[in-house]
Amino acid sequence: MPSIPVAHLTEQGQDMVIVIMDPRFVQASPSQQEATIGQLQQRANACGLKGTIALVWDGGGRMDYLVPQPWHDFFRSITLDDVRARINSAISWDG
Numbered sequence: 388m389p390s391i392p393v394a395h396l397t398e399q400g401q402d403m404v405i406v407i408m409d410p411r412f413v414q415a416s417p418s419q420q421e422a423t424i425g426q427l428q429q430r431a432n433a434c435g436l437k438g439t440i441a442l443v444w445d446g447g448g449r450m451d452y453l454v455p456q457p458w459h460d461f462f463r464s465i466t467l468d469d470v471r472a473r474i475n476s477a478i479s480w481d482g
């Protein structure tokens, strides 16, 4: 069964499901990125993970992210190491 580790947390009253992506994710088209978010959101919901998908990746020594606009300040304040340290769940699905 495939799975993706996630940091499932509540910050600023918001439930977040943070997924660390491969840095090449940035090369995907906006429609491909949105499709990825949609697929991960469906799989997270099916696993019982409450929250909105937030994608992060290594942007050449700093963390880049694709998250809802109101979350930008929070994501600017953390690093990939912070996210890795908070991994506490996984999105799993039948292969």
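Residues are numbered in the numbering used here as their position in the sequence shown, beginning at 1, plus a constant of 387.
Glycine included, C-beta positions come from ideal geometry on N, C-alpha and C.
Residue state for LEU436 is assigned as coil, using DSSP reduced to three classes.
Ranked by Cα distance from GLU398, the first of ARG411, ARG449, VAL470 is VAL470.
By alpha-carbon distance to SER479, the top candidate from ARG430, ILE465, GLN456, ASP468 is ARG430.
In its chain, beyond the 5 residues on either side, ILE474, ALA477 have a beta carbon closer than 7 Å to the beta carbon of PRO392.
Note that the segment 435–445 touches the segment 403–418; at least 3 beta-carbon pairs, one per stretch, sit closer than 8 Å. In this chain, the beta strand (DSSP E) harbouring ALA394 covers 390–398.
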